[in-house]
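Protein chains in written order, with my numbering: chain A, 504 to 769; chain B, -19 to 375.
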């Protein structure tokens, strides 16, 4: 039997290593042959293991949860792959980076014993409590917030406290859909949330070359391919662009404001 | 005998290391078909590392000893074979060095081979055997042959002299140019009249003259730096883009003559050399703008020195601020912008084309600020006004 006719996990089968991980997804979309998906998983598993282990270490959860995290990644990847198109500039793994973080944190919130949120209703309540808490936290004292949320959602004050603790422990901020994860900044978040929209592409294109370069260097996102690269400090960026550090800070602020304004108007 | 020609053609020229033609075209020199801004050669010599200048001096010294021996003892086959080997070694060393790499290295080798190769030695020995020409008895063909060999031997002596001077000339000119620049950078104004005034005061200064004379490493036997370069200037025709142009061609037989001529031609055009406050290297300035730091990439930091100067944490001291308008890339952008505005007001180009042209130069200028390779190699070419309008009208 010819080697190429064998399927993954059959004796004698040797998975083919493609140059780029994204090529597996492109091949899958072209042929609809799931062997590409399996082959990708075969080669990506060591990286996934490392990433999941790092996540476990960072979030202080039990090591036996590693297979769960991997499973979440695989099912998410499969879902995303069905929606992915070969014309998409952004590599699928790049999209997965953001979505996986989001899903893994959700897993920590709901399944890792910080709080018992087993029902869908409880999960919805967590979202509502967190959202309300973040809206009021700077304007009202904690006791007042507790009472108000408890009254609005018809749940006990103790449950509200539990939800808030869970949200704070997992750095979840309710409806804002933003995660203060070390390697995903606010600006990156805006980009990932909108990567498919024409508006952000147009907004970025309307920036001048130097503005785009400044944003690229400070966020570590290549705005032509939407791939991430090394993120530079303000000082290093200033050196590369022939500016002072404070000029970079001011200019960056102005650019982000301009971008936000453009996105709001569009 | 040299063929009499009233005017020369650009294409017919030689640029060997020992005898060479250099074309002077407004603000540039053309050396072996390479167009370089006036002052470029002087700047190369100012930046020549001491190690290279010393090695050149050693190579040249060897050839000078051969020349002295030739004058003392006359021709010998062994001596000429040594000369041939040593000149070739010197060419090997020079071929990668700025500014010597711009000379026609292959042609230089061919000349040396013709004058000092095995066939030439046979010829010289033949001439020595038949030194006396008896015009009554010797055949006409034989006379022509002997005269030809005699001319060849004279040329060989001139070539030997030229190579023996290169090291000393480079070292002496290097000393002069560094002294000149170190004093000139103390000046406030960089306008043409001030350059002329400073140059006059510098070379009239007796102390400077004494120092230059004392610095000559071979003062007793060789001429050092002098302000009376010898050259022959010939009007030359060059056809550029289908148009005829008259340029000046100068012939030199000694490197110092070329260096001095190029340096003063540069000064007369307002080109001068400045010293970078960050990397301490010398750079050529072609405008009176007060650029303080060089715009070539600093190898240590991967960015131009003018960028490094803005970071006191790197330079360990606060550097003098260089205005944005003094950057050479800005100067070129500004020139093009003025031309675009002028052409628009004269009605040469429509509003739409002018606005597109402005956008194009803006984009190129912005790119030059972070793409240093582009800035150094392509920016100037791409900022050609004709090309910009062509691009603007295409879109």
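Positions of the beta carbon are idealized from the N, C-alpha and C atoms, including for glycine.
C-beta neighbour in chain A for residue i, strict 8 angstroms
| i | result |
| --- | --- |
| residue 251 (chain B) | no |
| residue 363 (chain B) | no |
| residue 286 (chain B) | yes |
| residue 291 (chain B) | yes |
| residue 299 (chain B) | no |
| residue 281 (chain B) | yes |
| residue 96 (chain B) | no |
| residue 343 (chain B) | yes |
Burial state of residue i, where buried means 16 or more other Cβ atoms lie within 10 Å
| i | result |
| --- | --- |
| residue 23 (chain B) | buried |
| residue 168 (chain B) | exposed |
| residue 190 (chain B) | exposed |
| residue 644 (chain A) | exposed |
| residue 732 (chain A) | exposed |
| residue 58 (chain B) | exposed |
| residue -13 (chain B) | exposed |
| residue 19 (chain B) | buried |
| residue 719 (chain A) | buried |
| residue 34 (chain B) | exposed |
| residue 753 (chain A) | exposed |
| residue 291 (chain B) | buried |
| residue 555 (chain A) | buried |
| residue 373 (chain B) | exposed |
| residue 337 (chain B) | buried |
| residue 679 (chain A) | Note that residue 679 (chain A) scores 37 on pLDDT, short of 50, meaning its location in the model is unreliable and no value can be drawn from it. |
Residue-level contact to chain B via CB, residue i, 8 angstroms cutoff
| i | result |
| --- | --- |
| residue 560 (chain A) | no |
| residue 761 (chain A) | no |
| residue 633 (chain A) | no |
| residue 749 (chain A) | no |
| residue 687 (chain A) | Note that residue 687 (chain A) scores 41 on pLDDT, short of 50, meaning its location in the model is unreliable and no value can be drawn from it. |
| residue 678 (chain A) | Its pLDDT being 43, under 50, residue 678 (chain A) is placed unreliably by the model, and the measurement read from it follows with that caveat. So no, residue 678 (chain A) is outside the interface. |
Contact set between residue i and chain A, taken where Cβ atoms lie within less than 7 angstroms
| i | result |
| --- | --- |
| residue 346 (chain B) | 711, 712 and 713 |
Own chain, CB closer than 6 angstroms to residue i, minus 5 neighbours either side, in chain order
| i | result |
| --- | --- |
| residue 92 (chain B) | 67 |
| residue 5 (chain B) | 227 |
| residue 63 (chain B) | 46 and 96 |
| residue 685 (chain A) | With a pLDDT of 37 at residue 685 (chain A), under the threshold of 50, the modelled position of that residue is not reliable, and the figure given next carries that caveat. Result list for residue 685 (chain A): empty, nothing under 6 angstroms. |
| residue 545 (chain A) | 518 |
| residue 145 (chain B) | 234 |
| residue -2 (chain B) | 139 and 142 |
Chain-ordered chain B contacts of residue i [CB-CB under 9 angstroms]
| i | result |
| --- | --- |
| residue 732 (chain A) | Correct list: empty, because the minimum Cβ distance to chain B is about 14 angstroms. |
Contact set between residue i and chain B, taken where Cβ atoms lie within less than 7 angstroms
| i | result |
| --- | --- |
| residue 723 (chain A) | Neighbours of residue 723 (chain A) on chain B: none; closest Cβ ~16 angstroms, over 7 angstroms. |
Beta-carbon contacts of residue i that lie in its chain and below 8 angstroms, excluding the five residues immediately before and after
| i | result |
| --- | --- |
| residue 87 (chain B) | -6, -5 and -4 |
| residue 349 (chain B) | 309 and 355 |
| residue 89 (chain B) | 68 and 71 |
| residue 38 (chain B) | 147 |
| residue 602 (chain A) | 579 and 583 |
Bridge-paired residues (DSSP) for residue i
| i | result |
| --- | --- |
| residue 265 (chain B) | B:252 |
| residue 213 (chain B) | B:230 |
| residue 184 (chain B) | The partner list for residue 184 (chain B) (beta bridge, DSSP) is empty, contrary to what the question assumes. |
| residue 8 (chain B) | B:5 and B:17 |
| residue 549 (chain A) | According to DSSP, residue 549 (chain A) bridges with nothing at all. |
| residue -9 (chain B) | According to DSSP, residue -9 (chain B) bridges with nothing at all. |
| residue 220 (chain B) | B:223 |
| residue 283 (chain B) | B:278 |
| residue 0 (chain B) | B:-5 and B:232 |
| residue 157 (chain B) | Per DSSP, none; premise fails for residue 157 (chain B). |
| residue 358 (chain B) | Paired residue(s): none; residue 358 (chain B) is not in a bridge. |
Neighbour list for residue i in chain A, Cβ cutoff strictly below 8 angstroms
| i | result |
| --- | --- |
| residue 373 (chain B) | Here the premise fails: no neighbours, minimum Cβ distance about 22 angstroms. |
Neighbouring residues, chain A, relative to residue i (Cβ below 9 angstroms)
| i | result |
| --- | --- |
| residue 349 (chain B) | 712, 713, 716, 744 and 745 |
Sequence-distant residues of the same chain with beta carbon closer than 7 angstroms to residue i, five excluded per side
| i | result |
| --- | --- |
| residue 160 (chain B) | 182 |
| residue 562 (chain A) | 611 |
| residue 175 (chain B) | 247, 250 and 252 |
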